[in-house]
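One structure is given below, encoded as structure tokens.
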Amino acid sequence: MALKIPARAELPSPPSLQRKLGLLHDELDACKACPTMIGPVVHGPPVVSRIFLLGQAPGPREGGFGRPFAWTAGRTLFRWFQQATGATEDEFRERIYMAAVARCFPGKARGGGDRRPSPEEIARCKPFIAREVEICQPSLILPIGTLAIEQVLGHKGPLVDVVGQLRRVTWHGVEADVIALPHPSGASTWHQTDPGKTLLAAAMERVAAHPAIREAFPRP
Ligand code: SF4
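The sequence shown begins at 1 in this note's numbering and counts up by one.
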């Protein structure tokens with residue numbers, strides 16, 4: 001059962017938090033810590049949100065657009081959200097903070113598809129995520145795909161074990177609800193056939209019913 005969203009009273013004001021996020025983005029933009037990653041760094045706007053999305057890493061197109069989930073996987077992700085909550089892509093981008101396990105394009109894997117970031121790359125990017133979580137104090141975390149789910153829930157098993165459920169974790173010092181989602185990439189068919197299709201529908205129902213989502217996207 002999702003908890004009520006705690007007040008932000010003890011935190012600095014949203015403009016000051018937004019400034020902090022902006023400064024952190026400046027640091028991200030200048031980061032060249034991973035020699036085999038392909039720039040530019042990709043991040044969304046400094047949206048101070050209690051909903052924290054964690055993707056895997058940008059694909060080859062996102063750098064050119066300068067925003068995460070800018071290509072086909074994003075179209076699928078935003079369709080899931082629009083169908084479940086009524087929120088458009090613009091509303092989503094304005095009201096949900098979008099982070100990722102790695103912020104640069106890892107390049108292609110030998111067998112096709114995007115390369116999974118290495119443990120060293122994940123470790124180098126993690127301090128940025130920790131600071132973003134500290135600033136946003138999310139009440140709902142949405143890890144997208146197996147790598148992000150592993151980072152948030154520590155779950156390395158099959159998606160069927162976690163998708164469709166509401167979990168509660170303490171992550172980077174913040175206690176929050178977690179609703180895991182499959183990766184919307186066209187390379188994955190998991191969410192298109194059962195049991196993935198049914199579990200995705202259950203997960204999106206949980207997303208739509210969560211107090212943080214209802215507060216961010218009020219509907220009559
Ligand atoms: S993946 Fe993260 S740590 Fe590595 S260069 Fe990009 S921003 Fe820096």
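Cβ coordinates follow ideal geometry from the N, Cα and C atoms, glycine included.
Bear in mind that the values here come from a model prediction, so they are computed numbers and not experimental data.
Of the residues the options, the one placed nearest residue i, counting alpha carbons only
{"i": "residue 107", "options": "37, 188 and 32", "result": "37"}
{"i": "residue 218", "options": "88, 122 and 139", "result": "88"}
{"i": "residue 56", "options": "220, 40, 83 and 125", "result": "125"}
{"i": "residue 209", "options": "83, 145 and 196", "result": "83"}
{"i": "residue 206", "options": "159, 163 and 190", "result": "163"}
{"i": "residue 22", "options": "44, 80, 149 and 176", "result": "44"}
{"i": "residue 101", "options": "115, 70, 151 and 114", "result": "151"}
{"i": "residue 200", "options": "49, 18, 79 and 66", "result": "79"}
Burial state of residue i (16 or more Cβ within 10 Å)
{"i": "residue 3", "result": "No answer about residue 3 holds up, because its pLDDT of 48 lies below 50 and its placement is not dependable."}
{"i": "residue 186", "result": "exposed"}
{"i": "residue 130", "result": "exposed"}
{"i": "residue 243", "result": "Beyond the ends of the chain as shown, which are 1 and 220, falls residue 243; an answer cannot be given."}
{"i": "residue 85", "result": "buried"}
{"i": "residue 203", "result": "buried"}
{"i": "residue 137", "result": "buried"}
{"i": "residue 93", "result": "buried"}
{"i": "residue 146", "result": "buried"}
Supposed contact pair residue j and residue i - C-beta distance, whole angstroms, cut 8 angstroms
{"i": "residue 122", "j": "residue 47", "result": "Not really, about 23 angstroms apart at Cβ, beyond 8 angstroms."}
{"i": "residue 167", "j": "residue 153", "result": "6 angstroms"}
{"i": "residue 142", "j": "residue 54", "result": "7 angstroms"}
{"i": "residue 73", "j": "residue 64", "result": "About 15 angstroms separates the two Cβ atoms, so there is no contact after all."}
{"i": "residue 196", "j": "residue 140", "result": "Actually they are not in contact, since the Cβ atoms of residue 196 and residue 140 sit about 22 angstroms apart, beyond 8 angstroms."}
{"i": "residue 182", "j": "residue 190", "result": "5 angstroms"}
Give, in chain order, every unbroken run of the alpha helix (DSSP H) that is at least 4 residues long and sits entirely within the stretch 88-153.
-> 89-95, 119-136 and 146-153
Could I get the ranges of all uninterrupted alpha helix (DSSP H) runs contained in the stretch 5-72, with 4 residues as the minimum, in chain order?
-> 14-30 and 62-65
Under 5 angstroms, CB to nearest heavy atom of ligand 1: contacting residues | 31, 33, 34, 37, 41, 102, 103, 104, 124 and 125
If you scan the stretch 158-216 from start to end, which runs of the beta strand (DSSP E) of 3 or more residues do you find wholly inside it?
-> 167-171 and 174-178
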